[in-house]
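Q: Residue numbers (this note's numbering): 14 to 404.
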């Protein structure tokens, strides 16, 4: 018993005391305790086994019920799968038939698309040729427009230069015509005065004339300083008048052909706003020149182009008629040319500021008994008297 208790690892109250050292009474008490514990454990094990058997029975019933349910569900599922398979077979057959129809339709549409693509390729090839032709024409038109623009710019610049030379020349022509009338009057007056002087010389005695010449020579020599002073005053007045006349300038340059004695042609520009001041001195003049930007604006002026276009419109309408006999037979061409030239000169005069009141224009010397005319006459008279006096 002791050996079995030792093999069974019977627990004692005092584990530090070996079982061999226990007395019989202690050993019996220990045995009684362990047997009671074993009996209690046995009863608990029996109760647990009973409970487990009950649980197993319930689970067995549940499993049987579930198995029966699963079998029923499996049978229903088998029937449903069979029905579904039958439906699938029908749907498969329908889909195969529909696929065959769609395939045939796709083949037919593919054939149509291939034919359409072939026609489209042919059209595209034709359009490419047309595009190449249009590109070539476009390049030609661009080149033509570029040449037309260059020609227009060249013609506009040429018109600007010619108008800049024509208007001052026309102004000088008018001035020279007025001066010619005045000079003709002066020549007539001079001839009349000479005739009267000759008549007086013929009427007076010779001795009286000699005495008068000597007295006149003495007076001239006495008034030499006064004459010099007057000539200086006239020169200063002339310089001041020249400075006043040349205060504003729109001149671009002066062109000469290189021939001897040629005075050249002055070329001006129109629409000149910022007038350049010329600084004159007694030894010469210093021209600051005009601004190149304003010269460029004048050469490319839209107002000049509009003026030329509007002036030549009547002549252009006459020249654009399909039947030239209609205007060759009459005087419509010459009349249109005359009217267009008049309009052109009016427009150019407006652009070139050649109208009355222009800053560059001064016609005081054209008037009779003007200051410049009196100064010129006085200077001419003083010079003549000085030459006669031997000065």
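C-beta atoms are modelled at their ideal positions from N, C-alpha and C, and glycine is treated no differently.
#1: Which value, in whole angstroms, describes the spacing of the CA atoms of residue 110 and residue 117?
#2: Quick one: give me the first and last residue of the beta strand (DSSP E) that residue 40 is part of.
#3: Would you grab the beta carbon distance between residue 345 and residue 331 for me? Rounded to a whole angstrom, and I think it's under 8 Å.
#4: Could you check what DSSP says for residue 314 in three-state terms: helix, strand or coil?
#5: Per DSSP, which residues does residue 347 bridge with? Please list them.
#6: For the pair the segment 320 to 328 and the segment 356 to 365, tell me if three or more CB-CB distances fall below 8 Å.
#7: On the DSSP letters alone, give me the boundaries of the beta strand (DSSP E) that residue 264 sits inside.
#8: Nearest chain C C-beta to residue 216 closer than 8 Å, yes or no?
#9: Here's the rule: buried if 16 or more other CB atoms are within 10 angstroms of the residue's CB, otherwise exposed. What is residue 214?
#10: Whose CA, out of 93, 60 and 325, lies closest to the CA of residue 352?
#11: Distance check for residue 123 and residue 138, CA to CA, integer angstroms please.
#12: Exposed or buried, which one is residue 172 when buried takes at least 16 other CB atoms within 10 Å?
#13: On a Cα-Cα basis, can you pick out the residue from 263, 268 and 62 that is closest to residue 283?
#14: Taking just the CA atoms, how far does residue 196 sit from residue 316?
#15: Measure the Cβ-Cβ separation of residue 308 and residue 265 and say whether it is below 8 Å.
#16: Short check: CB of residue 240 to CB of residue 398, under 8 Å?
#17: State the DSSP-derived secondary structure class of residue 292, mapped to helix, strand or coil.
#18: What's the C-alpha gap between residue 167 and residue 176?
#19: Residues in the same chain with beta-carbon distance under 8 Å from residue 179, minus the five sequence neighbours each way, listed in chain order, please.
#20: Using the rule of at least 16 other Cβ atoms within 10 Å of the residue's Cβ for burial, across every protein chain shown, is residue 312 buried or exposed?
#21: Taking only the alpha-carbon atoms, compute the straight-line gap between residue 278 and residue 328 and give it to the nearest angstrom.
#22: I need the straight-line Cα distance from residue 136 to residue 149, nearest angstrom please.
#23: Report the rounded CA-to-CA distance for residue 165 versus residue 155, giving the unit in angstroms.
#24: For residue 41, which residues in the same chain have their Cβ closer than 7 Å to its Cβ, ignoring the five residues on either side in sequence?
#25: Find the nearest neighbour of residue 406 within the set 78, 108 and 395, judged by alpha-carbon distance.
#26: Contact defined as beta carbons within less than 8 Å: I believe residue 51 pairs with residue 43. What is the distance between those atoms, to the nearest angstrom?
#27: Can you grab the Cα-Cα spacing for the pair residue 127 / residue 147, in whole Å?
#28: Could you tell me if residue 53 is buried or exposed, where buried requires 16 or more neighbouring beta carbons within 10 angstroms of its beta carbon?
#29: Opposite residue 246 in the DSSP bridges: which residues?
#30: Just the Cα atoms here: how many angstroms apart are residue 210 and residue 390?
#31: Within 10 angstroms of the Cβ of residue 119, are there 16 or more other Cβ atoms? Answer buried if so, exposed if not.
#32: Starting from the C-beta of residue 202, find all residues in its chain whose C-beta is less than 7 Å away, skip the five residues before and the five after it, and write them out in chain order.
#33: For residue 280 and residue 252, I'd like the C-alpha separation in whole angstroms.
A: Result, derived from the coordinates:
#1: For the purposes of this step, residue 110 is taken as the residue at position 97 of the chain shown. For the purposes of this step, residue 117 is taken as the residue at position 104 of the chain shown. Rounded to whole angstroms, residue 110 to residue 117 spans 11 Å at the Cα level.
#2: Taking the chain shown and counting its residues from 1, the one referred to as residue 40 is at position 27. No beta strand (DSSP E) contains residue 40, which is instead part of the alpha helix (DSSP H) from 37 to 216.
#3: Taking the chain shown and counting its residues from 1, one reaches residue 345 at position 332. Taking the chain shown and counting its residues from 1, one reaches residue 331 at position 318. Their Cβ separation, rounded to whole angstroms, is 6 Å, which keeps residue 345 and residue 331 in contact under 8 Å.
#4: As a working note, residue 314 is residue 301 in the chain shown. Residue 314 falls in the coil class under three-state DSSP.
#5: Taking the chain shown and counting its residues from 1, the one referred to as residue 347 is at position 334. Bridge partners of residue 347: none, in fact.
#6: yes
#7: Reading the chain shown from its first residue, position 251 is the one you call residue 264. Residue 264 -> beta strand (DSSP E) spans 264 to 268.
#8: This model lacks chain C altogether; it includes just one protein chain.
#9: Indexing the chain shown from 1 puts residue 214 at position 201. It counts as exposed.
#10: Position 339 of the chain shown, counted from the first residue, corresponds to residue 352. Ranking the options by Cα distance to residue 352, first place goes to 325.
#11: Along the chain shown, read from residue 1 onward, the residue named residue 138 stands at position 125. Along the chain shown, read from residue 1 onward, the residue named residue 123 stands at position 110. Using only the alpha carbons, I get a separation of about 22 Å.
#12: Translated into the one-based positions of the chain shown, residue 172 becomes position 159. It counts as buried.
#13: Along the chain shown, one-based indexing puts residue 283 at 270. Cα-wise, what sits closest to residue 283 is 263.
#14: One-based indexing of the chain shown puts residue 316 at position 303. One-based indexing of the chain shown puts residue 196 at position 183. Computed Cα separation, rounded: 39 Å.
#15: Within the chain shown, numbered from 1, the residue matching residue 308 stands at position 295. Within the chain shown, numbered from 1, the residue matching residue 265 stands at position 252. Cβ distance < 8 Å, so residue 308 and residue 265 count as in contact.
#16: The residue labelled residue 240 in the question sits at position 227 within the chain shown. The residue labelled residue 398 in the question sits at position 385 within the chain shown. Yes; because the gap between Cβ atoms is below 8 Å, this pair is in contact.
#17: Sequence index remark: in the chain shown, residue 292 carries index 279 (1-based). With a pLDDT of only 38 at residue 292, under the threshold of 50, the placement of this residue in the model should not be trusted; the figure read from the coordinates follows. Three-state DSSP puts residue 292 in a strand.
#18: Counted from its first residue, the chain shown places residue 167 at position 154. Counted from its first residue, the chain shown places residue 176 at position 163. Each residue's alpha carbon lies about 14 Å from the other.
#19: For the purposes of this step, residue 179 is identified with residue 166 of the chain shown, where counting begins at 1. Around residue 179: 361.
#20: As a first step, residue 312 must be located in the chain shown, where it is residue number 299. That one is buried.
#21: Taking the first residue of the chain shown as position 1, residue 278 is located at position 265. Taking the first residue of the chain shown as position 1, residue 328 is located at position 315. Taking the straight line joining both Cα atoms gives about 29 Å.
#22: Looking up residue 136 in the chain shown gives position 123. Looking up residue 149 in the chain shown gives position 136. If you take the alpha carbons of residue 136 and residue 149, they lie about 20 Å apart.
#23: Numbered from its first residue, the chain shown carries residue 165 at position 152. Numbered from its first residue, the chain shown carries residue 155 at position 142. When rounded, the distance between both Cα atoms is 15 Å.
#24: Within the chain shown, numbered from 1, the residue matching residue 41 stands at position 28. Contacts found: none.
#25: With the chain represented from 14 up to 404, any question about residue 406 goes unanswered, as that position is not in the structure.
#26: Translated into positions along the chain shown, residue 51 becomes position 38. Translated into positions along the chain shown, residue 43 becomes position 30. That pair is no contact at about 13 Å.
#27: As a position in the chain shown, residue 127 is number 114, starting the count at 1. As a position in the chain shown, residue 147 is number 134, starting the count at 1. Taking the straight line joining both Cα atoms gives about 29 Å.
#28: By 1-based counting over the chain shown, the position of residue 53 is 40. Answer is exposed; the Cβ neighbour count stays below 16.
#29: Here residue 246 is taken as the residue at index 233 of the chain shown, counted from 1. According to DSSP, which records beta bridges pairwise, residue 246 is partnered with nothing at all.
#30: Counting from 1 along the chain shown, the entry for residue 210 is found at position 197. Counting from 1 along the chain shown, the entry for residue 390 is found at position 377. Cα-Cα distance, rounded: 18 Å.
#31: For this step, residue 119 is matched to residue 106 along the chain shown. Residue 119 should be labelled exposed.
#32: If you number the chain shown from 1, residue 202 lands on position 189. So no residue of the chain qualifies.
#33: Residue numbering aside, residue 280 sits at position 267 when the chain shown is read from its first letter. Residue numbering aside, residue 252 sits at position 239 when the chain shown is read from its first letter. Those two C-alpha atoms are separated by around 24 Å.
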